Amino acid sequence: MLKIFSKALGGVLASTLIAASLSAAPKSGGTLIIASTQVPRHLNPAVQSGIATAVPGTQIFASPLRYDENWNPQPYLAERWEVAADGMSVTLHLNKQATFHDGKPVTSEDLAFSLMTVKQNHPFQTMFAPVSAVDTPDTHTAVIRLERPHPAILLAMSSALLPVIPKHIYGDGQDPKGHPRNADPVGSGPFKFVEMKPGEYIRLARNENYFMQGKPYLDEIIIRINRDTSSLVLSMERQEAHLWPFSASVRDIERMKKQSHLEATVDGYAAVGALNWLAFNHAKKPFDDKRVRQAISYAVDRNFITKALHRGFSTRIYGPIHPDSPYATADVEKYDVDLKKAESLLDQAGLQKKGDGMRFSLQIDYIPGSDEQQKNVAEYVKTQLRKIGINAELRASPDFPTWAKRVGGHDFDLSMDIVFNWGDPVIGVHRTYISSNIRKGVIWSNTQSYSNPRVDELLSQAAVESDMNKRKALYKEFQQIVADELPVAWINILPYHTVYHKNLRNLPTTIWGTMAPMDEVYWESQP
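Numbering (the numbering used here), first residue to last: -2 to 524.
Below you can see the structure in the form of structure tokens.
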């Protein structure tokens, strides 16, 4: 017996629309300029995660499914799908009109190739770990075979998580992570790649042969890379840019809300689950000693960070799972600031103070371009660590790829980081803590080199458990273990906003927000 999830493709994606248009129909034409400070390493989300790749990548590549604001899967490249009653397979029926930007048809072979490429190369190793094979009984039917039930399989096939890439391009035997077409991609999404000038801009043009008839409405999208947040804000104020997604700067959000032509919303981040944390490199001494990690965590006053540095916009976090998730628990050690306890733990670890009052030195890295959440917090941590005899120096990266290379290459002591839960723990949480995902050179994997067999066991069980209560119990024990051992010190939830020009219509506020196709976006009147 099959559980059938069937929707008519003509039923438009039921997303909440920002500033809904009063017009009878959307208008075609115009250019949308998106502002960013992040420089993407490349534009292929099949082998790279993160905002910098996902925002342009989801315009270039289509995924099998898309999701609405209520966490319901909707048709995209797959017109309909069936999940087997035993949860051991998913059958997808692809849109027969879909073509890649070079005119080649999108087939089940492309979907099978894409899924296995993601499984083998993406930082989220657990996302498709249960997939054993993808059968292609005909040109437009794909059957995903699972070794065990996968509670997040449909979610894993949406937006930036499973871009369908062309086998006739990427199946040439070259390493997909370093494939030359990652910088010159061909997809089947609403916008075609035109050009990219590294560190300056990415230009996309309307796909006139898009399989969703009548869309997209915009002529082009330009993602403009700004050298810093200050220049980005100025570009928004001067109407040189129209959209700033993933804005987390309280000061800048307040400033832009005062502009008559700009508005801001917190909608569109439900599945993101963005956490700000301080990561420890367990492969380096003395960070392999949990007493040292605990001492550093006790030295950080998270209430000061959220209330003073972030002016009440952000909230503190106690563990690896976003509190909005049904799997989160507050029954863990909270690490309220306690400098005496921190010093005692360092003494127990044999790290005595020297003549200058210092015990040892370390470096703190941070992601460039997000000063309020990253650099400013790192500077505060530096002052707190000095109080317990640790000499901390900040190591700046000139751009995002430099930071990613350092942290992904395990070339760090401590590093600030922003990491997403990606909807379900099996997708966005497991990757940080499971020992099989210690993958040097891959950012947002287990870059901390953390390993605990019991954690591996718990996460493996939770990945296949269909009973909600049993799954909650597994995740609760997991959270309690890592809260004690501290692979990372969790700090706060990011207060993400999307700032946008008031004349824009139909901006996506589904669970993936701007990490989803912008095929419904249009200008009421372009400035």
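Beta carbons are placed, not taken as given, at the ideal position from N, Cα and C, and that holds for glycine.
Values in this document were obtained by computation on a predicted structure and should not be read as measured data.
### Task
Ignore the nearest five residues each way along the sequence and tell me which others in Asp285's own chain have a CB closer than 8 Å to its CB.
As a first step, residue 285 must be located in the sequence shown, where it is residue number 288. Answer for Asp285: His279, listed in chain order.
### Message
Suppose you measure from the CA of Phe125 to the CA of Ser86; what does that come to, to the nearest Å?
### Response
For the purposes of this step, residue 125 is identified with residue 128 of the sequence shown, where counting begins at 1. For the purposes of this step, residue 86 is identified with residue 89 of the sequence shown, where counting begins at 1. Approximately 13 Å between the Cα atoms of the pair.
### Task
Could you check what DSSP says for Ile508 in three-state terms: helix, strand or coil?
The residue given as residue 508 occupies position 511 in the sequence shown. Reduced to three states, the DSSP call for Ile508 is coil.
### Message
Using a 10 Å radius around the Cβ and a threshold of 16 neighbouring Cβ atoms, would you call Asp516 buried or exposed?
### Response
Stepping through the sequence shown from its first residue, residue 516 is reached at position 519. With 16 or more Cβ atoms within 10 Å of its Cβ, Asp516 is classed as buried.
### Task
State the beta-bridge partners of Gln360 as determined by DSSP.
For the purposes of this step, residue 360 is taken as residue 363 along the sequence shown, with counting starting at 1. Beta-bridge pairing links Gln360 to Glu390.
### Identity of the residue in Ala271, Pro182, Arg63 nearest Ile48 by Cα
Within the sequence shown, the letter at position 51 stands for residue 48. Among Ala271, Pro182, Arg63, the Cα nearest to that of Ile48 belongs to Ala271.
### Task
Just the C-alpha distance for Val334 and Ile387, rounded to the nearest angstrom, thanks.
Mapped onto the sequence shown, residue 334 falls at position 337. Mapped onto the sequence shown, residue 387 falls at position 390. Going by the C-alpha atoms only, they are around 16 Å apart.
### Query
Helix, strand or coil for Asn162 per DSSP?
Residue numbering aside, residue 162 sits at position 165 when the sequence shown is read from its first letter. For clarity, residue 162 is Ile in the given sequence; the question names Asn instead. Here Ile162 sits in coil by DSSP.
### Task
Under the assumption that Leu201 contacts Ile222 (Cβ atoms under 8 Å), give the Cβ distance between them as a whole number of angstroms.
Here residue 201 refers to the residue found at position 204 when the sequence shown is read from its first residue. Here residue 222 refers to the residue found at position 225 when the sequence shown is read from its first residue. Actually they do not touch by this definition, with Cβ atoms about 14 Å apart.
### Task
Entirely within the segment 115 to 177 and at least 4 residues each: give me those alpha helix (DSSP H) ranges in chain order.
164 to 167
#### Entry: the segment 316 to 327 / the segment 509 to 524 touching (three or more Cβ pairs under 8 Å)
no
### Query
Taking the beta strand (DSSP E) that Asp414 falls in, what are its first and last residues?
In the sequence shown, the residue the question calls residue 414 occupies position 417. Asp414 -> beta strand (DSSP E) spans 411 to 417.
### Query
With 16 as the cutoff for other CB atoms within 10 Å, does Thr136 come out buried or exposed?
Position 139 of the sequence shown, counted from the first residue, corresponds to residue 136. Under this definition Thr136 is an exposed residue.
### Message
If you measure between the beta carbons of Tyr377 and Ser412, is that distance less than 8 Å?
### Response
If you number the sequence shown from 1, residue 377 lands on position 380. If you number the sequence shown from 1, residue 412 lands on position 415. The answer is no: Cβ separation not under 8 Å.
### Message
Tell me the rounded alpha-carbon separation between Arg145 and Ser457.
### Response
Residue 145 sits at position 148 when you count from the first residue of the sequence shown. Residue 457 sits at position 460 when you count from the first residue of the sequence shown. Going by the C-alpha atoms only, they are around 11 Å apart.
### Query
Relative to the alpha-carbon of Gln381, which residue among Ile314, Phe188, Ile302 has its alpha-carbon at the smallest distance?
The count along the sequence shown starts at 1 and reaches residue 381 at position 384. Minimum Cα distance to Gln381 is reached at Ile302.
### Query
DSSP on Lys189, reduced to helix/strand/coil?
By one-based count along the sequence shown, residue 189 stands at place 192. It is a strand residue.
### Lys101 versus Ile162, Thr495, Leu152, residue with shortest Cα-Cα distance
Residue 101 sits at position 104 when you count from the first residue of the sequence shown. Here the closest residue by C-alpha is Ile162.
### Query
Does the Cβ-Cβ distance between Tyr493 and Ala245 come in under 8 Å?
For the purposes of this step, residue 493 is taken as residue 496 along the sequence shown, with counting starting at 1. For the purposes of this step, residue 245 is taken as residue 248 along the sequence shown, with counting starting at 1. Their beta carbons are under 8 Å apart, which means Tyr493 touches Ala245 by this criterion.
### Query
Taking buried to mean at least 16 other C-beta atoms within 10 Å of its own C-beta, is Arg290 buried or exposed?
Position 293 of the sequence shown holds residue 290. The residue is buried, with at least 16 neighbouring Cβ atoms inside 10 Å.
### Message
Taking the alpha helix (DSSP H) that Thr50 belongs to, which residues open and close that run?
### Response
Looking up residue 50 in the sequence shown gives position 53. Here the alpha helix (DSSP H) through Thr50 covers 48 to 57.
### Query
Taking the DSSP output, what are the residues bridged to Lys194?
Numbered from its first residue, the sequence shown carries residue 194 at position 197. Tyr198.
#### Entry: Candidates Asp368, Ala375, Arg383: closest to Leu336 by CA position
As a working note, residue 336 is residue 339 in the sequence shown. Taking only the C-alpha atoms, the option nearest Leu336 is Arg383.
### Enclosing beta strand (DSSP E) for Glu217 [first to last residue]
The residue labelled residue 217 in the question sits at position 220 within the sequence shown. First-last of the beta strand (DSSP E) with Glu217: 217 to 222.
### Residues that DSSP places opposite Ile478 in a beta bridge
Stepping through the sequence shown from its first residue, residue 478 is reached at position 481. None, per the DSSP bridge assignment.
### Task
Could you tell me which residues DSSP pairs with Ile30 in its beta bridges?
In the sequence shown, the residue the question calls residue 30 occupies position 33. DSSP output for Ile30 lists Ile219 as bridge partner(s).
### Message
Rounded to the nearest angstrom, what separates Pro505 and Pro242 at their Cα positions?
### Response
Here residue 505 corresponds to residue number 508 of the sequence shown, with the count starting at 1. Here residue 242 corresponds to residue number 245 of the sequence shown, with the count starting at 1. Distance between the alpha carbons of Pro505 and Pro242: 11 Å.
### Message
Is it buried or exposed, Gln35, if we count other Cβ atoms within 10 angstroms and call 16 or more buried?
### Response
For the purposes of this step, residue 35 is taken as the residue at position 38 of the sequence shown. Buried is the call here.
### Query
Rounded C-beta distance between Asp216 and Lys164? I'm assuming under 8 Å.
For the purposes of this step, residue 216 is taken as the residue at position 219 of the sequence shown. For the purposes of this step, residue 164 is taken as the residue at position 167 of the sequence shown. Going by Cβ atoms, the distance from Asp216 to Lys164 rounds to 30 Å, so no, they are not a contact pair.
### Query
Quick one: what does DSSP say Glu66 is sitting in, helix, strand or coil?
Counting from one through the sequence shown, the residue named residue 66 turns up at place 69. DSSP places Glu66 in coil when its eight states are reduced to three.
### Message
I'd like the ranges of any alpha helix (DSSP H) spanning at least 4 consecutive residues and lying wholly in the segment 311 to 347.
### Response
336 to 345
### Message
In chain order, what are the residue ranges of uninterrupted alpha helix (DSSP H) at least 4 long that sit wholly in the segment 423 to 469?
### Response
427 to 430, 450 to 459
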